[in-house]
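2 protein chains.
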Amino acid sequence: MEVDGVPYRSIWLADDGWSVDIIDQTRLPHEFRVEKLTTWQQAAHAISAMLVRGAPLIGATAAYGICLGLRKKADNDHLKTISEKLIATRPTAVNLRWAIRAMQDLLLPLPENARLAAAYEKAAQICDEDAAINSAIGDHGLEVFKRIWEAKGKTGRLNILTHCNAGWLATVDWGTALSPIYKAHNAGIPVHVWVDETRPRNQGAHLTCWELGKHGVDHTLIVDNAGGHLMQHGLVDLCITGTDRTTAAGGVCNKIGTYLKALAARDNNVPFYVALPGPTIDWEIDNGVKDIPIEVRGSHEVDYIQGLNGEGEIAGVRILPSSSRSANYAFDVTPARLVTGLITERGVSEASKTGLAKLYQR
Amino acid sequence: MEVDGVPYRSIWLADDGWSVDIIDQTRLPHEFRVEKLTTWQQAAHAISAMLVRGAPLIGATAAYGICLGLRKKADNDHLKTISEKLIATRPTAVNLRWAIRAMQDLLLPLPENARLAAAYEKAAQICDEDAAINSAIGDHGLEVFKRIWEAKGKTGRLNILTHCNAGWLATVDWGTALSPIYKAHNAGIPVHVWVDETRPRNQGAHLTCWELGKHGVDHTLIVDNAGGHLMQHGLVDLCITGTDRTTAAGGVCNKIGTYLKALAARDNNVPFYVALPGPTIDWEIDNGVKDIPIEVRGSHEVDYIQGLNGEGEIAGVRILPSSSRSANYAFDVTPARLVTGLITERGVSEASKTGLAKLYQR
Chain U
785 MEVDGVPYRS
795 IWLADDGWSV
805 DIIDQTRLPH
815 EFRVEKLTTW
825 QQAAHAISAM
835 LVRGAPLIGA
845 TAAYGICLGL
855 RKKADNDHLK
865 TISEKLIATR
875 PTAVNLRWAI
885 RAMQDLLLPL
895 PENARLAAAY
905 EKAAQICDED
915 AAINSAIGDH
925 GLEVFKRIWE
935 AKGKTGRLNI
945 LTHCNAGWLA
955 TVDWGTALSP
965 IYKAHNAGIP
975 VHVWVDETRP
985 RNQGAHLTCW
995 ELGKHGVDHT
1005 LIVDNAGGHL
1015 MQHGLVDLCI
1025 TGTDRTTAAG
1035 GVCNKIGTYL
1045 KALAARDNNV
1055 PFYVALPGPT
1065 IDWEIDNGVK
1075 DIPIEVRGSH
1085 EVDYIQGLNG
1095 EGEIAGVRIL
1105 PSSSRSANYA
1115 FDVTPARLVT
1125 GLITERGVSE
1135 ASKTGLAKLY
1145 QR
Chain Z
785 MEVDGVPYRS
795 IWLADDGWSV
805 DIIDQTRLPH
815 EFRVEKLTTW
825 QQAAHAISAM
835 LVRGAPLIGA
845 TAAYGICLGL
855 RKKADNDHLK
865 TISEKLIATR
875 PTAVNLRWAI
885 RAMQDLLLPL
895 PENARLAAAY
905 EKAAQICDED
915 AAINSAIGDH
925 GLEVFKRIWE
935 AKGKTGRLNI
945 LTHCNAGWLA
955 TVDWGTALSP
965 IYKAHNAGIP
975 VHVWVDETRP
985 RNQGAHLTCW
995 ELGKHGVDHT
1005 LIVDNAGGHL
1015 MQHGLVDLCI
1025 TGTDRTTAAG
1035 GVCNKIGTYL
1045 KALAARDNNV
1055 PFYVALPGPT
1065 IDWEIDNGVK
1075 DIPIEVRGSH
1085 EVDYIQGLNG
1095 EGEIAGVRIL
1105 PSSSRSANYA
1115 FDVTPARLVT
1125 GLITERGVSE
1135 ASKTGLAKLY
1145 QR
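If you read the protein sequences in the order shown, they are chains U and Z. Mapping of the first sequence onto the numbering used here: residues 785 to 1146, in sequence order. Mapping of the second sequence onto the numbering used here: residues 785 to 1146, in sequence order.
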């Protein structure tokens, strides 16, 4: 998407034809800094230190990490070593494993001298495919948005609430939940986005606000507490979020707090959509609340908040008294009964076993 | 309640017998600073700059503000002037108006030379009555807590979720929602409190955590997004919050985000109680969502977060990109249908017109 009128992806091959450029997302929204990756170790660090985040982008970065690693040596041992090290950067990231496995499956059967070129080609393909999938999600979502906009009589603005960041920064391009928003904006629908701050890491305030602002989409930051009130007062026409893992029955494991917004949407008859690419569906799991283990992350994410200090530097402040402790549950599960529909690259389905199975022919 | 073993109220007459001491709540939790008020202007500033907050404490501070003002002059004009100035510090605070009116009703009929002593006596009475009301709320709430604790088989801990700060810092002593928690703790029930951070002003992280910690009550800070997940997993035995305004039908206008927790409680069969003193009931209003206007506060409260910086100083950081804007809805309304019961100084009632009318014999 655009940054002040210039088209960007979240990761791209540099003009030198071999090094890889990413946006350092830990500096956003206060500084737009492009980082160059020249070694697999730098790619691993970019993932583990969350310079890049979001399942598809992590996968793409790992794929390019393999490329950078193969520039030194292309033998099996080295390929396996760097694969393992890259996987270890975010052990629970499904896309990361998937991308590394796709690279290995392609590269291991090849002669060593053919591996580097094939790796770069495959990494580029992984990026292009992700952008295409997300663009398709956007197209299908746009149809949903159009219907809601028409039902509203095309008056005022189309008010959309989103949680966390499921935008182009989390993917290679377009994003998932934000993709239909960009498509709607580009199509001339006067969208306005309520952006949940998304504590503890504030991806809404830091990333979604930045993304939308840079592409010119009207938006307002709200605290995570505010969405229910807005829905009670008719100020939200629909909600849309991403998902980290979707059950075969249509339940959604997404950033902590998603469930609360889905409850408010249901209580106020506001449609609640979830946008996802097929690979986030876990066909083995039906009951997400029961069967998806929820990551408990370090409590410093709760205790400290990062922002711009009075000197214009990025700094953290501690909000908790030193005598207290905190807990940091990273995700929650929204049961399928609260989800109006799932917007995928293959179309829109109801959030149910039947709906998903029909779309993915299982 | 206690601060490291020493009993405190949130406002008290100093040892000199005339000046008034308060705790500067803007410095909490990082610094425990007692401020001395010696003029009515200082009292007004303490209210407007939120050194003191919480309806009962604002009322008590205003009452003492009248006392301090009368030390200079006790004529009707002066009394009316300072009354108006004090009311103007927080124009929507009901308790503030009530306290000032109570002082005026008492003082205006008195001869000027009798007013000062009477004012101090009345201010002390307002404080004592608030503490007594809150203690009674705690006693009634304790009975509720005991029943839930017994139903749980007295195993593990009694896990309570609260939002914002309805503790002794918001009142003169005991607090409203936290009063039964202190009573339960003092009675030996092993309570553990999940404290919602309560963005944007973080009263949970800053004040509730501090209060509970200083009195020795076990607690854990969570982000506002986390409560639903905890309830889905049986980690919350009950919720309890305060209320700024209660409708005659039992609806509750409280800090933004309360409604979302009430929805989650209902969805998971977790009891959701609200603690309140009778005067917060607005007998004129039935439909709170429709008829209670919600204050929209300055957006700097959303854009900036205060905490302790790396140098150990209290500082703010900006979380929002400079190109974005925010909205700051301060309260929301939780419909009575989501409230399990109202805990008042007169006992516990169901959240309904009948329940409240019975308790208050209207």
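Each residue gets a CB set at the ideal place from its N, CA and C atoms; glycine is no exception.
8 angstroms Cβ cutoff met for U/L841 and U/T822: Working through the first sequence from its first residue, we reach residue 841 of chain U at position 57. Working through the first sequence from its first residue, we reach residue 822 of chain U at position 38. Their beta carbons are not under 8 angstroms apart, which means U/L841 does not touch U/T822 by this criterion.
For Z/P1061 versus Z/T982, is the C-beta distance shorter than 8 angstroms? Residue mapping note: residue 1061 of chain Z aligns to position 277 of the second sequence, counting from 1. Residue mapping note: residue 982 of chain Z aligns to position 198 of the second sequence, counting from 1. The answer is no: Cβ separation not under 8 angstroms.
Helix, strand or coil for Z/K938, going by three-state DSSP, please let me know. For the purposes of this step, residue 938 of chain Z is taken as residue 154 along the second sequence, with counting starting at 1. It is coil, neither helix nor strand.
Residues in the same chain with beta-carbon distance under 6 angstroms from Z/Y1088, minus the five sequence neighbours each way, listed in chain order, please. Looking up residue 1088 of chain Z in the second sequence gives position 304. The answer, listed in chain order, is G1100 and R1102.
Environment of Z/N1009 [buried if 16+ CB atoms lie within 10 Å]: Your numbering for residue 1009 of chain Z matches position 225 in the second sequence. Buried, by the Cβ-count rule.
Taking the straight line between their C-alpha atoms, what separation do you get for Z/T939 and Z/I965? The count along the second sequence starts at 1 and reaches residue 939 of chain Z at position 155. The count along the second sequence starts at 1 and reaches residue 965 of chain Z at position 181. Using only the alpha carbons, I get a separation of about 17 angstroms.
8 angstroms Cβ cutoff, Z/W802 in contact with chain U: The residue given as residue 802 of chain Z occupies position 18 in the second sequence. No, Z/W802 lies away from the interface with chain U (no Cβ there is under 8 angstroms from its Cβ).
Ignore the nearest five residues each way along the sequence and tell me which others in Z/R899's own chain have a CB closer than 7 angstroms to its CB. As a first step, residue 899 of chain Z must be located in the second sequence, where it is residue number 115. Within the same chain, Z/R899 has close Cβ partners L854, A858 and L891.
Contacts around U/K1092, its chain only, beta-carbon distance under 7 angstroms, and the 5 residues preceding and following it disregarded: For the purposes of this step, residue 1092 of chain U is taken as the residue at position 308 of the first sequence. Before going on, a small fix: residue 1092 of chain U reads as Leu here, not Lys. Same-chain partners within the cutoff: H814 and I1098.
Residue closest to Z/G801, alpha-carbon to alpha-carbon, out of Z/S1107, Z/A901, Z/R793 and Z/H862: Here residue 801 of chain Z refers to the residue found at position 17 of the second sequence. If we check each option's Cα against that of Z/G801, Z/A901 comes out closest.
Does the distance from the C-beta atom of U/F929 to that of U/D1028 stay below 8 angstroms? The residue labelled residue 929 of chain U in the question sits at position 145 within the first sequence. The residue labelled residue 1028 of chain U in the question sits at position 244 within the first sequence. Not closer than 8 angstroms, so no.
Would you identify the three-state DSSP class for Z/I917, choosing helix, strand or coil? For the purposes of this step, residue 917 of chain Z is taken as the residue at position 133 of the second sequence. The three-state reading of DSSP puts Z/I917 in helix, counting H, G and I together.
How big is the Cα-Cα spacing for Z/L953 and Z/A971? As a working note, residue 953 of chain Z is residue 169 in the second sequence. As a working note, residue 971 of chain Z is residue 187 in the second sequence. Their Cα atoms are separated by approximately 21 angstroms.
Suppose the cutoff is 8 angstroms on Cβ atoms and the five residues either side in sequence are ignored; what does the same chain contact list for U/N918 look like? For the purposes of this step, residue 918 of chain U is taken as the residue at position 134 of the first sequence. So the list reads P840, W952, T955, V956, D957, W958, G959, T960, S963, P1061 and E1129, once near-sequence residues are dropped.
Could you tell me which residues DSSP pairs with Z/W958 in its beta bridges? Locating residue 958 of chain Z in the second sequence gives position 174, where the first residue counts as 1. Among the bridge pairs identified by DSSP, Z/W958 is matched with none.
Among all the DSSP beta bridges, which residues are the ones paired with Z/P791? Your numbering for residue 791 of chain Z matches position 7 in the second sequence. Paired residue(s): Z/E786.
With a threshold of 7 angstroms on Cβ separation, who are the neighbours of U/L1143 within its own chain once the five nearest residues in sequence on each side are excluded? Taking the first sequence and counting its residues from 1, one reaches residue 1143 of chain U at position 359. T1128, R1130, G1131 and S1133.
Taking 8 angstroms as the cut-off, does the segment 902-911 of chain Z touch the segment 994-1006 of chain Z (at least 3 CB pairs, one atom from each stretch)? no
Could you check whether the Cβ of Z/G1041 sits closer than 8 angstroms to any Cβ belonging to chain U? Counting from one through the second sequence, the residue named residue 1041 of chain Z turns up at place 257. Z/G1041 counts as touching chain U.
Determine, using beta carbons only, whether Z/I944 and Z/A903 come nearer to each other than 8 angstroms. The sequence position of residue 944 of chain Z within the second sequence is 160, counting from 1. The sequence position of residue 903 of chain Z within the second sequence is 119, counting from 1. Not in contact: Z/I944 and Z/A903 (Cβ atoms no closer than 8 angstroms).
Going by alpha carbons, who is nearest to Z/T876 out of Z/I1076, Z/G988, Z/G997 and Z/P895? For the purposes of this step, residue 876 of chain Z is taken as residue 92 along the second sequence, with counting starting at 1. Checked all of Z/I1076, Z/G988, Z/G997 and Z/P895; the closest Cα to Z/T876 is Z/I1076.
Examine chain U for any beta-carbon lying closer than 8 angstroms to the beta-carbon of Z/Y1113, and answer yes or no. Counting from 1 along the second sequence, the entry for residue 1113 of chain Z is found at position 329. It does: the Cβ of Z/Y1113 has a partner Cβ on chain U nearer than 8 angstroms.
Alpha carbons only, please: which of Z/G843, Z/N860 and Z/T1124 is nearest the one belonging to Z/A886? As a working note, residue 886 of chain Z is residue 102 in the second sequence. For the set Z/G843, Z/N860 and Z/T1124, the Cα lying nearest the Cα of Z/A886 is the one of Z/G843.
Determine, using beta carbons only, whether Z/N1093 comes closer than 8 angstroms to chain U. Reading the second sequence from its first residue, position 309 is the one you call residue 1093 of chain Z. Judged by the 8 angstroms Cβ criterion, Z/N1093 is in contact with chain U.
Contiguous beta strand (DSSP E) assignments of at least 3 residues, all confined to the segment 980-1053 of chain U: 1003-1006, 1022-1025, 1029-1031 and 1036-1039
Determine the extent of the alpha helix (DSSP H) in which Z/G849 is found, giving its start and end residues. Looking up residue 849 of chain Z in the second sequence gives position 65. Per DSSP, Z/G849 belongs to the alpha helix (DSSP H) from A839 to L854.
Would you call the segment 1005-1020 of chain Z in contact with the segment 1038-1058 of chain U, where contact means no fewer than 3 C-beta pairs closer than 8 angstroms? The answer is yes - the segment 1038-1058 of chain U touches the segment 1005-1020 of chain Z, with three or more Cβ pairs under 8 angstroms.
Taking its Cβ as the centre, do 16 or more other Cβ atoms sit within 10 Å of U/T1138, making it buried, or is it exposed? For this step, residue 1138 of chain U is matched to residue 354 along the first sequence. Around the beta carbon of U/T1138, fewer than 16 other beta carbons lie within 10 angstroms, which makes this residue exposed.
Is U/Q809 helix, strand or coil when you go by DSSP? Translated into positions along the first sequence, residue 809 of chain U becomes position 25. Three-state result, U/Q809: coil.
Using the beta-carbon of each residue, which ones in chain Z are nearer than 9 angstroms to U/H1084? Residue numbering aside, residue 1084 of chain U sits at position 300 when the first sequence is read from its first letter. Going along chain Z, no residue has its Cβ under 9 angstroms from U/H1084, so there is no contact; the nearest lies around 12 angstroms.
Quick check on the DSSP output: the alpha helix (DSSP H) that includes Z/K1137 runs from which residue to which? As a first step, residue 1137 of chain Z must be located in the second sequence, where it is residue number 353. Looking at the DSSP string, the run of the alpha helix (DSSP H) that includes Z/K1137 is K1137 to Y1144.
Indicate the three-state DSSP secondary structure (helix, strand or coil) for U/A1111 in the structure shown. Taking the first residue of the first sequence as position 1, residue 1111 of chain U is located at position 327. In the structure shown, U/A1111 sits in coil (DSSP, three-state: anything other than H, G, I, E or B).
Contacting residues, own chain, Cβ-Cβ under 6 angstroms from U/W933 (five flanking each side not counted): Translated into the one-based positions of the first sequence, residue 933 of chain U becomes position 149. Here the set comprises L942 and I973.
Output the distance between the C-alpha atoms of U/E905 and U/P791, rounded to the nearest integer angstrom. Translated into positions along the first sequence, residue 905 of chain U becomes position 121. Translated into positions along the first sequence, residue 791 of chain U becomes position 7. U/E905 and U/P791: Cα-Cα distance of roughly 22 angstroms.
Interface partners of U/R817 on chain Z, CB under 9 angstroms: As a working note, residue 817 of chain U is residue 33 in the first sequence. Contacts between U/R817 and chain Z, judged by CB atoms closer than 9 angstroms, are missing: the closest CB pair is about 14 angstroms apart.
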